[in-house]
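Novice: Residues in the sequence shown are numbered consecutively from 428, following our numbering. C-beta atoms are modelled at their ideal positions from N, C-alpha and C, and glycine is treated no differently.
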Amino acid sequence: MIWTNMELLPLVCLCLLTWSGTTFADGNEPKIIGVTEGSDVTLPCSLSSREDIQGKRFEWKKDGQEVFLYDGSPLSGQDLQFKGRVSYFKEELKNGNASITIRDTKRADNGIYTCDFPYLQPKRQTFHIQLVFGAAPKPFIRILGETKDGELVQCEVSGASPKPLVQWKDSSGNILPAKDPQVSERGGRYDITLQTTVTETGNYTCVSTQEEINHQIYSETFVRVNGEFLFISVFHSQTILIIHLLSVLENIFSCIQTEYKTN
């Protein structure tokens, strides 16, 4: 899943690392889910058999902390960090769904989560999930002005983590050639500036992609390339050249006349 969120927001991503159930995405790649910090996030945990687990025990933990315990009904013993912020899908238990939702995600929620069915028969199943935080700011676009080659535009991505791939694209989605990006890093966050020159009037998009957290964000702008100005500039240059040639010819003719009169 690729996002195209248009706001400057830090991110949270859920990476399913190992399992003994069926929560992999296509192929053997871990499933990745991303949400904004401060929003709600659902941690998926479902049995492939879809068997009824209303009367069974399952346990959600993070780095040894009790996140949510269930054994026929929710149990006490939840860690204070998660108290009042975790809910489950009661109506989905009959379908083998033990997923939970954590509300108002915080950076302290970062870590390894497990969803464990300790007494499941014929085989115990445990799902492992890693909660990873990142930052994906919206690109900022500047139109720097006209050059002899066209209109120079600049894209700036500030404070991104992990390091994004920044590209310019035209309205058809084609990647535009660009200058080498200017990249700086501080504290694991990256500032990237990318410039390109456009030669046609139209819509252009700066795209920032972070594959590690399966996230993409973009900004779009309309650029008007002043072709008439370029034509006038060329015409003006040609006019100056013609005027200069006429001036030279006039001087030559004047010299000939003076020489003729002297003789």
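With 16 as the cutoff for other CB atoms within 10 Å, does residue 549 come out buried or exposed?
Specialist: The count along the sequence shown starts at 1 and reaches residue 549 at position 122. Looking at its Cβ environment, which holds fewer than 16 other Cβ atoms inside 10 Å, residue 549 is exposed.
Novice: Please state the DSSP three-state secondary structure of residue 569.
Specialist: The residue you call residue 569 lines up with position 142 of the sequence shown. Strand, per DSSP.
Novice: Would you call the region 565–580 and the region 626–641 in contact, with 3 or more CB pairs under 8 Å?
Specialist: These segments touch.
Novice: Quick check on this structure: which residue in 623, 645, 636 has the alpha carbon closest to the alpha carbon of residue 581?
Specialist: The residue given as residue 581 occupies position 154 in the sequence shown. When only C-alpha atoms are compared, the closest one is 623.
Novice: Could you pull out every unbroken beta strand (DSSP E) segment of at least 3 residues lying fully inside the region 610–657, listed in chain order?
Specialist: The qualifying runs are 616–625, 629–637, 642–650.
Novice: With H, G and I counted as helix, E and B as strand and the rest as coil, what does DSSP make of residue 535?
Specialist: Looking up residue 535 in the sequence shown gives position 108. If DSSP states are grouped into helix, strand and coil, residue 535 belongs with the helices.
Novice: Is residue 601 helix, strand or coil when you go by DSSP?
Specialist: Numbered from 1 along the sequence shown, position 174 holds the residue referred to as residue 601. If DSSP states are grouped into helix, strand and coil, residue 601 belongs with coil.
Novice: How would you label residue 679, buried or exposed, when you count the other beta carbons within 10 angstroms and need 16 or more for buried?
Specialist: Counting from 1 along the sequence shown, the entry for residue 679 is found at position 252. It counts as exposed.
Novice: Give the straight-line distance between the Cα atoms of residue 636 and residue 591, rounded to the nearest whole angstrom.
Specialist: Your numbering for residue 636 matches position 209 in the sequence shown. Your numbering for residue 591 matches position 164 in the sequence shown. About 5 Å.
Novice: So, are the CB atoms of residue 535 and residue 644 less than 7 Å apart?
Specialist: Numbered from its first residue, the sequence shown carries residue 535 at position 108. Numbered from its first residue, the sequence shown carries residue 644 at position 217. Not closer than 7 Å, so no.
Novice: Taking residue 566 as the reference, give the member of 618, 477, 538, 555 with the closest Cα.
Specialist: Here the question's residue 566 lines up with position 139 in the sequence shown. Among 618, 477, 538, 555, the Cα nearest to that of residue 566 is on 618.
Novice: Which residues does DSSP list as the beta-bridge partners of residue 489?
Specialist: Position 62 of the sequence shown, counting from 1, holds the residue named residue 489. Per DSSP, 492, 540.
Novice: In the DSSP assignment, what are the bridge partners of residue 551?
Specialist: For the purposes of this step, residue 551 is taken as residue 124 along the sequence shown, with counting starting at 1. Looking at the DSSP assignment, residue 551 forms no beta bridge with any residue, so it has no partner.
Novice: Kindly list the residues whose CB is nearer than 7 Å to the CB of residue 492, restricted to its own chain and excluding five residues on each side of it in sequence; keep chain order.
Specialist: As a position in the sequence shown, residue 492 is number 65, starting the count at 1. So the qualifying residues of the chain are 506, 508.
Novice: Should the region 512–524 be regarded as contacting the region 539–547, the criterion being three or more beta carbon pairs within less than 8 Å?
Specialist: Flag = no, the region 512–524 and the region 539–547 do not touch.
Novice: Does DSSP put residue 581 in a helix, in a strand, or in coil?
Specialist: On the sequence shown, position 154 is the one that residue 581 refers to. Note: residue 581 maps to strand in three-state DSSP.
Novice: For the region 462–480 and the region 519–529, state whether three or more C-beta atom pairs, one from each stretch, are separated by less than 8 Å.
Specialist: Cβ pair count under 8 Å is three or more, so yes.
Novice: Run through DSSP, which three-state label would residue 520 get?
Specialist: For the purposes of this step, residue 520 is taken as the residue at position 93 of the sequence shown. It is helical.
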